[in-house]
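In the numbering used here, the protein residues as written are 2 to 304.
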C-alpha cells in the first residue's frame, strides 16, 4: 500500500535552560543499564513517599473511595506498591530517550500485530485506547514498532516547555506523530486519507465536567472524555482497547481487545462506557499500577 505524506506537528521549541542544563543529564541517565536505573528508582521512592509525601493524601483518598470494602492494611499495601511503580515509571520514561527497538520488544509483550496488519491491508484506520495503567508510554512506543500504519499519539501539552519537548521527542522516537489535544480534529482531518492508528488515553481527566460522559467507575460517578468516541463515530473507525499488565519490574504485557468495530451503530456514550469498563477491569487486576496520584475525581456531577 502506498504511504501518503502525513502532516506532522513540529517539535516544540522547549527552552534554552532546559536544553543545556537538564537535557544532557537526562540523556546520560537514560544510557545507564536497567539495574542502575532501578537503583535510582528505589532512592526516588524513598524521597517521594517517606520524605516529601508526594500526593499521599490524594492517593489515600482515591484508594479509600475506590475500595471502601478493603481494610486499611490492604489499602496501605497497594499504596506502598504504587509508589514503587510510580518511581519506576519515572526512570523508565527517561530510558525512553535511548531505549532500542530490541529492548522494547523484550520488555513489552503481546501487542497483537496480526490485528493491525489486517486493518492495514484493508486500508482502514483505527483508534486504540489506553489507560494510565502499567507503562502507557512504553506501550505507545511499542505500538509504533508493530503497527504498519502511521501512528498518531494524542497527548496533553505539559506546562513546562522543556519537559513538553522532551516527551514529544520520546513519543516520536520510533516514527509516531504526537498531536496536542487542542489540535486533534484539525490534524486528523488533514490526515484522513492516510491509513493511521490513533492512540488515545481513555481515562484522561477532562478539563471540566461539561460535555463529558458520566459513568460508574470504581463505584463513583466519574467524568470521562468523549473524544475517542466522537471521532470514532464521525469517521467510523474501529476502536480497540490496549490493556496493560506488569509482569515484573521493567516488563509489561499488552493485549489488544476489539471493543467496537462499527461505531456509527452505537448509542451516545456507549463506547465511552466500554472504555471505562475495560479500564476498571485493568485496575482491579493490578491496582497498584494505575495512576492513583492523579486527581481523577476533582469534577463532581451536577445534581
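Built from N, CA and C at the ideal position, the CB exists for glycine as well.
The alpha helix (DSSP H) runs of length 4 or more contained entirely in the region 181–232 are, from start to end of the chain, 185–191. Within the model, the alpha-carbon separation for residue 62 versus residue 72 is close to 14 Å. Here residue 32 has 99 as same chain residues with Cβ atoms under 8 Å from its own Cβ, once five neighbours each way along the sequence are excluded. Residue 252 sits in a strand when the DSSP states are folded into three classes. Note that the region 195–205 touches the region 130–138; at least 3 beta-carbon pairs, one per stretch, sit closer than 8 Å. DSSP places residue 98 outside any alpha helix (DSSP H), giving it a letter other than H or E.
Ranked by Cα distance from residue 211, the options 236, 218 and 223 are led by 223. Every alpha helix (DSSP H) stretch that sits fully inside the region 107–172 and reaches 4 residues is listed by chain position as 114–122, 137–147 and 162–172.
Around the beta carbon of residue 47, fewer than 16 other beta carbons lie within 10 angstroms, which makes this residue exposed. CA-CA distance, residue 149 to residue 60, rounds to 39 Å. The alpha carbon of residue 88 has as its nearest neighbour, out of 252, 40, 265 and 29, the alpha carbon of 40.
Within its own chain, the residues whose Cβ lies closer than 8 Å to the Cβ of residue 286, once the five positions on either side in sequence are excluded, are 246, listed in chain order.
Spatial neighbours of residue 166 in its own chain (CB-CB distance under 6 Å, excluding positions within 5 residues in sequence) are listed in chain order as 13 and 15. Per DSSP, residue 281 is one residue of the alpha helix (DSSP H) stretching across 271–286. Rounded to the nearest angstrom, the Cβ distance from residue 242 to residue 108 is 21 Å, too far for a contact under 8 Å. In the DSSP annotation of this structure, the continuous segment of the alpha helix (DSSP H) that includes residue 25 starts and ends at 24–31. Secondary structure of residue 240 (DSSP, three-state): strand.
Contact fails between the region 111–121 and the region 71–86, because fewer than three Cβ pairs, one in each stretch, are under 8 Å apart. The DSSP-derived three-state label of residue 36 is helix.
Put simply, the region 226–236 touches the region 264–284. At least three CB pairs are less than 8 Å apart. By DSSP's assignment, residue 17 forms no beta bridge with any residue. In the three-state scheme derived from DSSP, where H, G and I count as helix and E and B as strand, residue 258 is classed as strand.
Within the same chain, Cβ atoms closer than 8 Å to the Cβ of residue 233 are found at 128, 239, 240, 261, 264 and 272, the five residues on either side in sequence being excluded. For residue 300 against residue 209, the beta-carbon gap comes to about 7 Å, under 8 Å, which counts as contact. The C-alpha of residue 219 is placed about 44 Å away from the C-alpha of residue 21. Taking 7 Å as the cut-off, the beta carbon of residue 277 is found closer than this to the beta carbon of residue 216. One Cα belongs to residue 122, the other to residue 97, and the distance between them is close to 30 Å.
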